[in-house]
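Here's the structure, in structure tokens; my notes come after.
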Amino acid sequence: MVIDETELEGLTEDQQDAYIALKEGRNVFLSGNAGTGKSYVLNRFIDDLEARSVPYTAMAPTGIAALNMHNGSTIHRTLQVSAGVCNPSEKIRPRKVLTVAEVIIIDEISMCRIDLFDYVMRMISDAQVSSGRKQVVLVGDFFQLPPVITEDDRAILMKLYPGNFEGWAFESDYWDGFDFEPHILKKVVRQDDPEYIGNLNLARNGDESCIPYFNEHSVSDRKYAPKDALFLCSNNRLASNINTESVSELSGKKYTYQASATGKVNKGDRAADDKITLCTGARVMSLVNDHEGKYVNGSQGTVVKCTKTSVTVAFDANPDEPVKIEAHTWKILKSVVEEFVDPKGKTKNKVTSDTVGEFTQIPLKLAYAITIHKSQGLTFDRCTVHTKTFAAGQLYVGLSRCSNIEGLTIFPKMEKNRLHASREVIDFYARMEKKASEGTVQLECPQRFSEQVKAYIADLLEKEKAAEKQAAPACSSAGEALPWEREDAPGRGYQSTWNQF
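Numbering (this note's numbering), first residue to last: -9 to 491.
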């Protein structure tokens, strides 16, 4: 495919390499350090798909991540996957959206648990048998936030995937079967201080030699941290308590804004709090981008006026020009298939987005404290990071949110046992770096053999399905008996053939 040089304008060298691989239709794993522009490259690719009218579906494992994507939806909503642990031996029902889509994108792949990843990739494999090869694009950084695993789910997952304590998707057989070409972005665009960037990279890998550098920016008590710095912590309860206490200390008249929802809106789809209490002087953060460019998602400022229907904010970047902010409606989308008539009069299918619900609220959040989890993907001029974190990668995410080291404060001093980096993730990226340096050989199946290959794989599928004694439910709770004890359960061994046609 010929790529116009103008398409590569504004991209770093490694971003250009990734974009070219994406546009050439390869299966790609797009990753890299925090602040290297993964989302930027992905959005450029999606814009290109739409310009060329290429049918695609964009999904993410969480509602907030889906809202941050263009035309994004959750995996569970698009593919009608139940909550809980996905059964690897369940008989899969076809999903028309995967049959029609030529490109399938999954963002925030680090938070997609292995059982869900297996389930999705089996669906894609089935779709390829009936409608040809799909380009699959995975985006995310496994050094950042891991999948969420409840204690009940962990008991089941440990039987299904012994030794995979964090539920990493890259440990799935399907990862190797789809032969994802790794593009690990290196050049950080969020920060421009080489020393800061270098120490962030050490923290990313769990290298304790970065601790003295960050401890130079520590305070012994939170009260000594800058008053206008957002406090990043590990849990919702602490963040909520800090926000509530801080706004209650202000003397201005309090206004409470209640959200409204219509249609199918799940808890994870709610980008803002159901109820937010504000007053003059309150520190807030924007949850959306302004179409006029006056603020972006993550911009912080101070409330200067409240009415029953609006809030006026003086954002830190331009405090002399306060902005009036009214209620915003987030559309909850689901990828669906729609028929259309092309210019030649032929009826065809295309993938489009259907609005299944709407959530309306003032697009602001109190900005005294926020969880590190909710800060992912955002950039702040000033923040204080609580170093008492728990999950692998959590502290690294917090440390990398600030645009400059002068704006970063940590509390308390960083201890060695708080800098977690998963050994499995470190080893995985070492393999990906090696694969990227060696290059990837693309084996193409000649077109005249394509139907034979598909027929052969379809026959394998039918034989495996015939071997199933009975269809099991998609998900199970810890208290139920497991119907899939065998390591060679159907759907786990035939994926390596998919890229050959």
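Just so you know, even glycine gets a beta-carbon here, dropped at the ideal spot from N, CA and C.
When DSSP states are grouped into helix, strand and coil, N191 belongs to the helix group.
The DSSP-derived three-state label of N339 is strand. In this model, N256 and T319 are separated by some 15 Å (Cα to Cα).
Using a C-beta cut-off of 8 Å, the segment 50 to 69 makes no contact with the segment 1 to 15, since fewer than three inter-stretch Cβ pairs fall below that distance. When Cβ pairs closer than 8 Å are counted between the two stretches, the segment 167 to 179 is seen not to touch the segment 375 to 389, the count staying below three.
When the beta-carbon positions are compared, R391 and P216 stay at least 9 Å from each other.
Check the Cα spacing between A357 and each of D263, V178, N394, N339: the tightest is with D263. Spatial neighbours of K403 in its own chain (CB-CB distance under 6 Å, excluding positions within 5 residues in sequence) are listed in chain order as N205, S208. Straight across, the Cα-Cα distance linking V(-8) with K324 is about 32 Å. In this structure, DSSP gives Q290 an extended state, which the three-state scheme calls strand. For the pair V293 and V286, the CB atoms are not nearer than the 9 Å cut-off. When DSSP states are grouped into helix, strand and coil, M101 belongs to the helix group. Annotated as proximal: A304 and G291, with beta-carbon spacing under 9 Å. Note on the segment 161 to 229: whole alpha helix (DSSP H) runs with a minimum of 4 residues are 163 to 167, 184 to 194, 201 to 205, in chain order.
Beyond the five residues adjoining it in sequence on each side, A229 comes within less than 7 Å, by CB distance, of C223, A359, I360, T361 in the same chain, given in chain order. Rounded to the nearest angstrom, the gap between the Cα atoms of L175 and D4 is 6 Å. The distance from the Cβ of K124 to that of I94 is about 5 Å, consistent with a contact at the 8 Å cut-off.
With respect to the C-alpha of S100, the residue from P137, A73, N77, S79 having the closest C-alpha is P137. With respect to the 9 Å criterion, L32 and M59 are classified as neighbours on the basis of their beta carbons.
The straight-line gap separating the alpha-carbon atoms of A193 and C200 is approximately 6 Å.
Sequence-distant Cβ neighbours of T252 in its own chain, meaning closer than 7 Å and more than five residues away, are G347, E348.
In this structure, the straight-line span from the alpha carbon of E80 to that of G335 is close to 40 Å. The three-state secondary structure of F35, taken from DSSP, is helix.
No Cβ-Cβ contact shorter than 9 Å links Q366 with L106.
Within the same chain, and ignoring the five residues on either side of L368 in sequence, the residues whose Cβ sits closer than 8 Å to its Cβ are N287, G288, R391. Looking at the backbone, the Cα of T345 and that of G15 are separated by about 28 Å. A56 sits away from I104, with the two beta carbons spaced by 9 Å or more.
In terms of CA proximity to L277, I54 leads the group N394, N23, I54, T297.
In this structure, G62 is the residue among H281, G62, K284, N225 with its C-alpha nearest to the C-alpha of D97.
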